[in-house]
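These protein sequence lines map, in sequence, to chains A and B.
So my numbering is basically just the index in the first sequence, starting at one, shifted up by 17.
So my numbering is basically just the index in the second sequence, starting at one, shifted up by 19.
Note that the Cβ used here is the ideal one computed from N, Cα and C, for glycine as well.
As the structure is a prediction and not an experimental result, all values here were calculated from the model.
Okay, structure first, notes after.
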Amino acid sequence: MEKQKSKFIVNSKKLGFFGDVVEKCYVLLDNKKVKWMVFAAILALAILFPLISTNYWISVMQNAMFFMLLALGLNIIVGYTGICNFGFAAHFAIGAYVTAILIRTFEWNFWLTLPISLVASIIVACIVAGPTLRLRSDYLAIVTLGFGEIVRITARNLQITGAASGLSGISRPELFGIHLTTISHWYYVFLALVVLYIIISNRIKNSRFGRALEYIREDEDAAMAMGVNTAKFKLFAFIVGAVMGGLAGSFFTVRMGAISPQSFQFIMSANILLAVVLGGMGKIPGVLIGAAFIAIFPELFRDIPFIGTARMLFFGILLVVVMIKRPQGLWPERRR
Amino acid sequence: MLHNSMTEKQLYANIKSGGENSLFTTYEIIFQQLINGLIQGSFYALVALGFSMVYGIIKLINFAHGDIYMTGAFISFVAFSIIASFSEGVVGVVLAVIASMLLCAAIGFSIQRIAYKPLFDAPRLSLLITAVGVSLILQNTVMVITNGQFMFFHSAIDNMAGVRFGENIGISFLEIAMMLITAVLMIILTLFISKTMWGKAMRAISTDKDACRLMGINVSKVIGLTFMIGSALAAIAGGMAVIYYGQVHFFMGYIIGMKAFTAAVIGGIGSIPGAMVGGLLLGLLEAAGTQLIGSEWKDVFAFGILIAMLIFRPNGIFGKTTIERM
């Protein structure tokens with residue numbers, strides 16, 4: 018069908034000046050040596066950052082990296098596969114609450130709660146997506162939205178999740194004999210996680226699984242006709258994304274030491290979605306830039322009276338403008 | 020509206036205490052919840068109509084629709100505070116709601132033109148994400164204006180005046196009027212869809228947009244009209260909600276948007292009578308759910324119904340069984 022043609026991949030040459038710059042970058046990055054040098058430089062910069070910066074900016078960057086984790090998770094679902102998830106905060110909430118409850122109530126070691134959090138994320142993803150993925154694609158949008166609310170309201174009403182005030186006093190874990198207490202410790206933990214998530218995303222993208230997902234995004238019917246088990250792959254993608262969100266939630270819990278239902282509102286899901294859409298769905302560098310923007314923007318404009326409060330209004334406008342004018346996001350995919 | 024929430028709490032306390040120091044008899048509880056359910060259901064039905072019409076015609080889940088309801092409530096509130104200086108009674112309230120209806124129709128039309136129309140031919144995901152963006156814009160515009168506060172509404176209409184059937188139960192004139200207005204609007208809409216040329220065009224477009232274009236129907240005009248009618252209905256629901264509950268908050272549209280979608284799915288999305296029946300049914304089910312498992316679980320209960328419906332009967336009560344074609 019003509020109108021189903023993807024708008025996500027466009028020839029970057031058509032994009033004018035910005036496109037030229039990106040095209041030049043791509044040509045430059047084609048050289049393996051340059052590519053690794055750029056990566057190494059960025060990583061080195063990230064590692065050295067806490068040594069030259071104030072605590073405030075370290076915590077802002079650490080928050081940005083937390084958003085990157087969530088956005089990379091959602092990117093698997095929305096960016097790679099092209100299915101909706103408007104309640105991503107719920108997956109992050111599942112991981113966060115599982116870890117918090119196991120540490121607080123049952124006094125588990127943090128590292129042992131991670132497998133449980135992973136299993137819980139998988140089960141929940143299956144419950145949400147399993148039955149609805151077979152239906153009309155946009156039903157999933159509303160189911161995920163409703164699910165996001167169900168999780169938040171349930172967390173607010175149950176005693177075990179600490180009701181409206183949430184759970185606090187969650188002890189910080191140890192890693193290699195170091196008690197993770199200072200902000201720099203957490204900066205490095207999240208940096209390591211971001212690198213890990215990038216590697217996972219990259220491996221998925223270049224695998225058989227990733228190609229199947231891309232095919233589904235571009236033309237689901239054709240993919241099905243070519244023998245791709247679309248229902249299975251869509252469910253897998255949903256699960257992978259949910260697990261990435263859930264584990265990020267577990268780390269969020271121990272980093273903050275406290276969680277409450279306030280953290281898992283619709284605004285959170287909308288922010289993560291914006292991070293993915295803004296950077297360009299399916300593109301790892303784009304998603305990272307988008308997430309950094311979402312986290313740093315409010316800090317820059319915190320003290321300016323109008324923009325500070327109207328932040329989400331601005332984000333909403335941005336979302337619409339990006340979808341209409343640049344559906345491929347800030348970082349367009351290279352056409353091969 | 021205070022007395023209803025009071026009753027709800029008392030009813031809940033009554034259930035908790037096992038009916039021992041019972042304030043109400045079982046019949047009184049059932050009657051009161053029936054009224055609550057029907058009122059809430061009327062709001063759902065009015066919002067669901069817009070949802071269903073838009074979905075029927077361009078296959079878009081318009082996330083911003085719940086926020087149109089909120090905008091309608093807010094505009095009614097603002098309009099009434101202007102009008103109230105010379106007419107505080109029923110006339111003023113009606114004028115305020117009409118003003119909000121007209122403005123919301125215009126807003127709905129502009130949203131369709133500016134945000135959705137350029138993306139009709141794009142993948143569905145783009146349209147859905149845009150709808151989320153529009154929803155954020157509406158919510159946060161009102162949030163900035165109201166500073167995120169609840170706005171309280173006072174009119175000269177007596178919420179308590181009405182027909183009493185006993186010591187504890189009764190139905191107020193306001194409630195009767197609201198149910199009547201809902202019923203009349205639904206009848207007018209049904210007649211409009213089934214009897215007029217515009218209605219015929221809408222039905223035709225929902226079947227095959229391209230064929231309609233070939234037959235000389237001005238498709239974009241009809242789509243615009245659909246958005247206007249849907250938004251006007253949501254604005255009426257919003258206006259009535261302001262009068263009934265007496266408050267406006269920028270986030271009030273979010274939950275009702277999803278509930279209205281649930282109602283539309285129960286009735287079969289795209290079907291006009293389905294949206295009406297679904298709305299009333301959801302209102303009643305929710306009232307029953309509130310009574311049985313407590314009001315804090317009300318929303319979870321409603322979304323549970325939605326997910327169950329989507330799994331077991333995705334075409335709803337009135338929906339036709341259709342196969343998604345390529």
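- The DSSP assignment places complete alpha helix (DSSP H) segments of no fewer than 4 residues inside the stretch 203-233 of chain B at 216-226 and 228-233, in order along the chain.
- Looking at the DSSP output, R183(B) sits in a beta bridge with G189(B).
- At least one beta carbon of chain B lies nearer than 9 Å to the beta carbon of Y156(A).
- L184(A) sits in a strand when the DSSP states are folded into three classes.
- Going by C-alpha positions, I242(B) is about 29 Å away from V261(B).
- Rounded to the nearest angstrom, the gap between the Cα atoms of W53(A) and V44(A) is 14 Å.
- Three or more Cβ pairs drawn from the stretch 287-306 of chain B and the stretch 55-72 of chain B lie within less than 8 Å of each other, which places the two stretches in contact.
- In this structure, DSSP gives I49(B) a helical state, which the three-state scheme calls helix.
- Here the C-alpha atom of R143(B) lies approximately 11 Å from the C-alpha atom of Y135(B).
- With contacts defined by Cβ atoms closer than 9 Å, H108(A) and S138(A) form a contacting pair.
- For N174(A), the nearest CB of chain B lies under 9 Å from its own CB, placing it at the interface with that chain.
- Comparing C-alpha distances from I167(A) to each of F331(B), N334(B) and G323(B) shows the shortest one belongs to G323(B).
- Cβ atoms of A98(B) and A124(B) stay farther apart than 8 Å, at about 14 Å.
- Residue R220(A) holds the alpha-carbon nearest to the alpha-carbon of L89(A) among Q176(A), T178(A) and R220(A).
- DSSP places I276(A) within a strand segment (E or B) once states are collapsed to three.
- Contact annotation: I311(A) and F332(A) have beta-carbon atoms nearer than 9 Å.
- By the rule that beta-carbons nearer than 9 Å mark a contact, M198(B) does not touch chain A.
- Residues of the stretch 157-171 of chain B whose Cβ lies closer than 9 Å to any Cβ of chain A, in chain order: L157, Q158, N159, T160, M162, V163, N166 and G167.
- Contact between the stretch 302-311 of chain A and the stretch 81-99 of chain A is present: 3 or more CB-CB pairs across the two stretches fall below 8 Å.
- By the neighbour-count criterion, in which 16 or more other beta carbons inside 10 Å mark a residue as buried, P67(A) falls on the buried side.
- In terms of Cβ geometry, A106(A) and I289(A) form a close pair [threshold 9 Å].
- Contact check for G91(B) against G258(B) passes: the beta carbons are separated by less than 9 Å.
- Cβ-Cβ distances below 8 Å link S106(B) to L114 in the same chain, with the five nearest sequence neighbours on each side left out; the list follows chain order.
- For L152(A), the three-state secondary structure derived from DSSP is coil.
- Between V73(B) and F246(B), the C-beta gap is smaller than 9 Å, which places the two residues in contact.
- Among the residues of chain B, none has a CB under 7 Å from the CB of V245(A); the nearest is roughly 15 Å distant.
- Residue contact check for E305(B) against chain A: no CB pair falls below 9 Å.
- Judged by DSSP in its simplified three-state form, H202(A) adopts helix.
- With fewer than 16 other Cβ atoms from the protein chains shown falling within 10 Å of its own Cβ, E191(A) counts as exposed.
- Bounds of the alpha helix (DSSP H) holding W74(A) are N72 to L91.
- The beta carbon of K78(B) sits closer than 9 Å to some beta carbon of chain A.
- Non-local beta-carbon contacts of A239(A) in its own chain, meaning distances under 8 Å to residues more than five positions away in sequence, involve Y232 in chain order.
- The shortest C-alpha to C-alpha distance from G262(A) to any of V51(A), F84(A), V55(A) and G179(A) is the one to F84(A).
- When DSSP states are grouped into helix, strand and coil, H196(A) belongs to the strand group.
- Spatial neighbours of A229(A) in its own chain (CB-CB distance under 6 Å, excluding positions within 5 residues in sequence) are listed in chain order as V245 and F250.
- The Cβ of V267(B) sits no closer than 9 Å to any Cβ of chain A.
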